[in-house]
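Take a look at the structure below.
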Amino acid sequence: MNRKDLIGRIIREQMKVIESLQQSVEHYKAASEIDEESTHDPEDFSNQSVAKDMQLLFEKMMAEAQQILRFLEKEREVVHTEIEKGCLIETDKNFLFIGLSVPVIQVDDKELISFSEQAPVFLEIKGKNLGDSLTVGNDTLKILTFS
1 MNRKDLIGRI IREQMKVIES LQQSVEHYKA ASEIDEESTH DPEDFSNQSV AKDMQLLFEK
61 MMAEAQQILR FLEKEREVVH TEIEKGCLIE TDKNFLFIGL SVPVIQVDDK ELISFSEQAP
121 VFLEIKGKNL GDSLTVGNDT LKILTFS
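Have a look at this one:
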């Protein structure tokens, strides 16, 4: 499977994240818009305040998720010559994508695993070249290609 297809799979997962965050924003927005004229209980106003805070938190998370989506869309066309953010690495056992973390995606007989450049595994893999081996958890992987 090629880079565009694999990143397309990651994009679909990221879109699921965005959809979930959008639902949370809408839920908390509705909860924070209580009609103040029909409410006389101070606890209702407190709940309204908490709901507004949650709405703002989810809006921030959604903006970050949308920024990651834009990054992924740009990365479809990029070819990397070194292991860095946005690099897709094929090993003898799996695919690794550097730049964000989404749930593991099954691709044919291999898993597509993604992680951020803040993850400890990035330090292990950074600077490696084709044919080099690296240890991820209990597995020793051999780098076949990267782009």
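First residue of the sequence shown: 1, per my numbering; consecutive thereafter.
All residues carry an ideal CB built from backbone N, CA and C; glycine is no exception.
Local conformation of residue i per DSSP, three classes
{"i": "residue 57", "result": "helix"}
{"i": "residue 82", "result": "coil"}
{"i": "residue 128", "result": "coil"}
Residue range of the beta strand (DSSP E) that includes residue i
{"i": "residue 96", "result": "94-98"}
{"i": "residue 90", "result": "88-91"}
{"i": "residue 111", "result": "110-115"}
Which residues DSSP lists as bridging residue i, in chain order
{"i": "residue 67", "result": "The partner list for residue 67 (beta bridge, DSSP) is empty, contrary to what the question assumes."}
{"i": "residue 134", "result": "141"}
{"i": "residue 122", "result": "Paired residue(s): none; residue 122 is not in a bridge."}
{"i": "residue 50", "result": "Its beta-bridge partners do not exist; DSSP assigns none."}
Sub-8 Å separation of residue i and residue j beta-carbons
{"i": "residue 146", "j": "residue 83", "result": "yes"}
{"i": "residue 108", "j": "residue 142", "result": "no"}
{"i": "residue 117", "j": "residue 99", "result": "yes"}
{"i": "residue 76", "j": "residue 16", "result": "no"}
{"i": "residue 90", "j": "residue 144", "result": "yes"}
{"i": "residue 24", "j": "residue 48", "result": "no"}
Range covered by the alpha helix (DSSP H) that runs through residue i
{"i": "residue 102", "result": "Looking at the DSSP string, residue 102 is not in any alpha helix (DSSP H), and its letter there is neither H nor E."}
{"i": "residue 26", "result": "3-32"}
Practice prompt. Count the CB pairs spanning the segment 54-61 and the segment 97-112 that are closer than 8 Å, and state whether there are at least three.
Written response: no
Discussion item. With three or more beta-carbon pairs closer than 8 Å as the criterion, would you say the segment 87-106 touches the segment 4-19?
Written reply: yes
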